[in-house]
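Residue numbers (my numbering): 33 to 246.
Below: the structure, in structure tokens.
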């Protein structure tokens, strides 16, 4: 399930790219790559045997992330308190990015779940939503905004150079949009969308006609 994949993925610190392969395993079976899918599933089972909670957590709110056109987004960072760190010290770790139009404050629980397991998470309001400036037009700016955000995260002292994106529903679409950064941003190591269509035309234009009941 998606929840199990997220739980497994939180433990991937040194090999963050496995976060995506844990989910892709079953998809790969569908295209007859069973051996790879089996290896992926075995890795997941080993990760699942690790303890679920290790760290207390901290939060840094009101983080301003700039976009290339001058608009600014608002984000919240949830991070683990590592042993030996001073109070409030931000650890240098892989960062999970969740970009949402549904109010980032509603999704901080995901950040605490990951932080308790040793990863930092940045939850960001998408363009034109809640505390982020600009105009919200579904999908239109997500590729550029995702790229700008990943590039910005990579430059921060609390990021070790590894970023992964995930999300469900529209947040899964923002994760898919980040794939446009592959090849341009080597820091993007994993993308984990769930319950998100990769082809929206048949949904929005059913039989070639705009669907008015969306």
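Glycine residues also receive a C-beta, built at the ideal position from the N, C-alpha and C atoms.
Assuming residue i contacts residue j (C-beta within less than 8 Å), just tell me the rounded distance between them.
i, j, result
"residue 140", "residue 127", "In fact, because the Cβ distance is near 15 Å, the residues do not count as touching under 8 Å."
"residue 175", "residue 196", "17 Å between Cβ atoms; not a contact."
"residue 124", "residue 192", "5 Å"
"residue 153", "residue 142", "7 Å"
Within this structure, are the beta carbons of residue i and residue j separated by less than 7 Å?
i, j, result
"residue 200", "residue 168", "no"
"residue 190", "residue 122", "yes"
"residue 131", "residue 180", "no"
"residue 95", "residue 114", "no"
"residue 133", "residue 158", "yes"
"residue 165", "residue 209", "no"
"residue 88", "residue 144", "no"
"residue 171", "residue 213", "no"
"residue 198", "residue 224", "yes"
"residue 173", "residue 106", "no"
"residue 147", "residue 202", "no"
Give the range of the alpha helix (DSSP H) segment to which residue i is assigned.
i, result
"residue 186", "174-186"
"residue 206", "202-209"
"residue 140", "140-147"
Name the DSSP bridge partner or partners of residue i?
i, result
"residue 96", "106"
"residue 237", "242"
"residue 111", "90"
"residue 199", "225"
With respect to the beta strand (DSSP E) encompassing residue i, which residues constitute its N-terminal and C-terminal limits?
i, result
"residue 101", "Per DSSP, residue 101 belongs to no beta strand (DSSP E) and is neither H nor E."
"residue 155", "152-157"
"residue 131", "125-132"
"residue 223", "220-226"
Consider the C-beta atom of residue i and the heavy atoms of the ligand ADP; say whether any pair is separated by less than 6 Å.
i, result
"residue 165", "The ligand ADP is absent from the structure shown, which contains no ligands of any kind."
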